[in-house]
Amino acid sequence: MNPSNETSKISKTKFIFITGGVLSSLGKGLAAAAIGALLESRSLTVTFQKLDPYINVDPGTMNPFQHGEVYVTDDGAETDLDLGHYERYTSVIMGQKHNYTSGRIYYSVITKERAGKYLGGTVQVIPHVTDEIKAAIRQLEGDADVAIIEIGGTIGDIESLPFLEAIRQFKYDAGEQNSIFIHVTLVPYIKTAGEVKTKPTQHSVKEMRAIGLQPDILLCRTGRQLSDEIKAKISLFCNVPPEAVITARDVKSIYEVPLLLHEEGLDARILELLNIWTGAPRLDSWYELVRKIKAPAHSVVIGIIGKYVELAESYKSLHEAIVHGGFANDAQVELRYVSAEDIEKKGAAGLLKGCSGILVPGGFGKRGVEGKVRAITYARERKVPFLGICLGMQLAVIEFAKNVAGLDKAASEEFDENTTQPVIYLMREWYDYRTGELQIRDEKSEKGGSMRLGAYPCVILESTFAHAAYGSKEVFERHRHRFEFNLKFRDQLVKSGMIISGISPPKEGVSPDLELVEIVELADHPWFLGCQFHPEFKSGPMKPHPIFKNFVKASLKFAKSG
Ligand code: GLN
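Under this note's numbering, the first residue of the sequence shown is numbered 69, with each subsequent residue one higher.
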């Protein structure tokens, strides 16, 4: 490889690599997103990429319990949830090329090897795997002024080594002032000693330097503001100037992070290291947001009926989208996670008492379905504002079919393959909206394949909750599911009072006779809406999603009247 050629190739986009040390969950993804927000506030364009060391080819089939939610992009990629942070904090649109796992990298190397692309040479981690990683990173060249690349895992993990070696080479190839390393680390406060401890950070940086990476900036997660003495000590042991030791103090709201980092001088430092000149940052909207978050005028309790209620990460985007809906109404939303199985055991009324809004989110599999249906009956009968998302929408259709439309065998083929009233069914043939390709699936389709994924258009019917929320005739929303509303039952459900307010229309030349039901509502209710798509993937603190905004608004109204 010729470094001088490499330099000229990547001189346009500058790169920030973010690694993590000591332990996981230090908020690397949030730090990356916050850095993106700060750079955008200086009128720079940014893009992101998440490199995940695990072997799964994508997070699509991973258990949300272990890994948190699967985030879905417009182009239908099933990705790590950190891409959600990137989209929420900035104006970027993420997609396939913004998330790579070791599995995906190795898959590509092995496929090339099988095809004889390496001409019989010995295929090795260095250079073949590292070259593949660098090529993945280089796809971002020219997309933005600054690309922020987050490496998953923690320094010291065996599995992240190829990624770390690749970014070491990348920085060398890129030349001075074209890329920097930011290391997110922990500086814990030890109560018995009455002081913060720098040793874990020292060790983490030592570990990095042993593999040839010298951090340029340290982001120190800590409960206390770091004193100048502590910064000086970290600086000395870790070989970074004291100005590059940034206190990343714990905060109540994750939306305070960009301002906190800015006040510590992080964006100024980054720009200096990358030799980028910009005007002063425009952060008024972030200050305004934080001011609103800290002193909300109203508050409301919303119940979320789910399966993975013990792990907030598995409903990350949903949680944030509801909170954003609160921002739009100057309200603090208290999210009450209720286990669907608890409702099966104890009934809905007791557990949902005090909730002014009820939300049944997406999900897979039969477990807890009965409890979710009971929560929907409760919301429908007691006129509590209700939002059903994906599986939640499908269950709202089943609940209505059974209890109102007289289809007492109504079910989804997901839970009952032989039902005689499959109001939710597996569409055997359908068209991929983006490629126009015919997709064929059945019960035996490979797990992970055959889902309707990514953005599809949805045409909104006037004079509906959906239309009041969106205020427009056509929207694009993201999908991740196999089962669909069965049009065979449409007339009977509509006759009984269900409103179909959103339809994905047939597409000329792609899906000539295919209509897909996207949104259902109930007329005789203050606010009851189910959507087949996931609106939570398109919400941000500065752009609360209209569905969540209106759902929270209806819940506040219910709270006041109730
Ligand atoms: N399990 C349902 C389906 O596959 C719903 C999926 C979801 O809620 N994301 O259609």
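By construction, the Cβ of each residue, glycine as well, lies at the ideal position given by its N, Cα and C atoms.
For residue i and residue j, what's the separation of their Cα atoms in angstroms?
{"i": "I571", "j": "I528", "result": "7 Å"}
{"i": "P268", "j": "A203", "result": "33 Å"}
{"i": "Q560", "j": "S407", "result": "32 Å"}
{"i": "A389", "j": "Y186", "result": "47 Å"}
{"i": "G522", "j": "V428", "result": "21 Å"}
{"i": "L455", "j": "C599", "result": "8 Å"}
{"i": "R550", "j": "V114", "result": "34 Å"}
{"i": "G393", "j": "F616", "result": "5 Å"}
{"i": "Q282", "j": "L232", "result": "11 Å"}
{"i": "M461", "j": "E137", "result": "19 Å"}
{"i": "Q270", "j": "Q117", "result": "27 Å"}
{"i": "I302", "j": "I219", "result": "23 Å"}
{"i": "G631", "j": "D126", "result": "No answer is possible for residue 631: it lies beyond the span of the chain, which begins at 69 and ends at 630."}
{"i": "A416", "j": "I344", "result": "57 Å"}
{"i": "T67", "j": "V255", "result": "Since the displayed the chain opens at 69 and closes at 630, residue 67 lies outside it and no answer follows."}
{"i": "L459", "j": "G431", "result": "6 Å"}
{"i": "L151", "j": "S228", "result": "19 Å"}
{"i": "I223", "j": "A478", "result": "52 Å"}
{"i": "I103", "j": "Q293", "result": "19 Å"}
{"i": "L98", "j": "Y154", "result": "8 Å"}
{"i": "E332", "j": "A261", "result": "26 Å"}
Buried or exposed for residue i, please, with buried defined as at least 16 other CB atoms from any protein chain shown within 10 angstroms of its CB.
{"i": "K362", "result": "exposed"}
{"i": "P309", "result": "exposed"}
{"i": "R520", "result": "buried"}
{"i": "Y446", "result": "buried"}
{"i": "R156", "result": "buried"}
{"i": "W498", "result": "buried"}
{"i": "T198", "result": "buried"}
{"i": "D318", "result": "exposed"}
{"i": "K434", "result": "exposed"}
{"i": "Y120", "result": "Reading off the sequence, residue 120 comes out as Asp, not Tyr. D120 is buried by the Cβ-count criterion."}
{"i": "V562", "result": "exposed"}
{"i": "K375", "result": "buried"}
{"i": "R277", "result": "exposed"}
{"i": "L11", "result": "Nothing about residue 11 can be reported from this structure: the residues present for the chain run from 69 to 630 only."}
{"i": "L304", "result": "exposed"}
{"i": "A365", "result": "exposed"}
{"i": "I258", "result": "exposed"}
Between which two residues does the beta strand (DSSP E) containing residue i stretch?
{"i": "Y499", "result": "497-499"}
{"i": "T269", "result": "Unbroken run through T269 is the alpha helix (DSSP H), 267-278; no beta strand (DSSP E)."}
{"i": "Y446", "result": "Here Y446 belongs to no beta strand (DSSP E); instead the alpha helix (DSSP H) covers 437-449."}
{"i": "T253", "result": "247-254"}
{"i": "Y186", "result": "Unbroken run through Y186: none, as it is neither H nor E."}
{"i": "F619", "result": "Premise fails: F619 lies in the alpha helix (DSSP H), 614-629, not in any beta strand (DSSP E)."}
{"i": "E218", "result": "214-219"}
{"i": "Q164", "result": "First-last for Q164: undefined, no H or E at that position."}
{"i": "L597", "result": "596-599"}
{"i": "L427", "result": "425-428"}
{"i": "F605", "result": "F605 -> no beta strand (DSSP E), and no H or E assigned at all."}
Sort out for me which residues DSSP pairs residue i with in a bridge.
{"i": "S367", "result": "Q400"}
{"i": "D120", "result": "T169"}
{"i": "E146", "result": "V140"}
{"i": "E542", "result": "V527"}
{"i": "L590", "result": "M566"}
{"i": "F553", "result": "I492"}
{"i": "H535", "result": "In the DSSP output, where bridge partners are listed per residue, H535 has none listed."}
{"i": "A478", "result": "Q489"}
{"i": "S572", "result": "L584"}
Going by beta carbon distance, what residues of the same chain come within less than 7 Å of residue i, once the five residues before and after it are set aside?
{"i": "G516", "result": "Bear in mind that a pLDDT of 44 at G516, under 50, signals an unreliable position, so the model cannot answer this."}
{"i": "Y538", "result": "I528, P614"}
{"i": "A212", "result": "T81, T113, V114, T115"}
Can you tell me where the alpha helix (DSSP H) with residue i in it begins and where it stops?
{"i": "Q237", "result": "229-242"}
{"i": "R289", "result": "R289 -> not in any alpha helix (DSSP H); beta strand (DSSP E) instead, spanning 285-290."}
{"i": "K563", "result": "558-563"}
{"i": "S353", "result": "352-362"}
Here's a check: name, in chain order, each residue in its chain whose Cβ is nearer than 8 Å to the Cβ of residue i, leaving out the five neighbours to either side.
{"i": "P594", "result": "K451, P453, A622, K625, F626"}
{"i": "P349", "result": "L106, S109, R110, H330, D335"}
{"i": "F395", "result": "L357, K360, I361, P609, P612"}
{"i": "T253", "result": "G88, G89, V90, L94, P268, T269, S272, V273, L286, L287, C288, R289"}
Which same chain residues, not among the five before or five after residue i, have their C-beta less than 6 Å away from its C-beta?
{"i": "N246", "result": "K82"}
{"i": "L386", "result": "P429, E604"}
{"i": "E481", "result": "P490, Y493, L494"}
{"i": "A534", "result": "I528, S569, G570, I587"}
{"i": "A464", "result": "I444, G456, G598"}
{"i": "F85", "result": "I217, I235, F249"}
Report yes if the C-beta of residue i is less than 7 Å from at least one heavy atom of the ligand ZN; otherwise report no.
{"i": "E482", "result": "The model depicted lacks the ligand ZN and carries the ligand GLN instead."}
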